[in-house]
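S.K.:
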Amino acid sequence: MPDSSYLVWKLAGTGPCFTGSQMPKIGQSLPADQITLIRGWISNGAPNN
Numbered sequence: 320m321p322d323s324s325y326l327v328w329k330l331a332g333t334g335p336c337f338t339g340s341q342m343p344k345i346g347q348s349l350p351a352d353q354i355t356l357i358r359g360w361i362s363n364g365a366p367n368n
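Be aware that the sequence shown starts at 320, since it is given in this note's numbering, and climbs by one per residue.
1) So for P343, helix, strand or coil by DSSP?
2) Can you look up A365 in the DSSP assignment and give me helix, strand or coil?
3) Under three-state DSSP, which class holds S323?
4) In three-state DSSP terms, what is L330?
5) Restricting to Cα atoms, I'd like to know which of Q347, K329, P350, L349 is closest to S307.
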């Protein structure tokens, strides 16, 4: 689920992301509301929509 999602870890700059840097690499990090949307998408099974 989203708390163990590598994608969420990379976007939020949290979790055990031992390689690379926070995403996006260039520019500012995503706003919290956009990360929340991604977390919801993952919780819903990450449908292809």
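Think of the CB as a built atom: it goes at the ideal place given N, C-alpha and C, for glycine as much as any other residue.
M.R.: Taking the geometry as given:
1) For P343, the three-state secondary structure derived from DSSP is coil.
2) Coil at A365, not helix or strand.
3) Correct three-state label for S323: helix.
4) Helix at L330.
5) The chain is shown from 320 up to 368; residue 307 falls before or after that span and cannot be answered.
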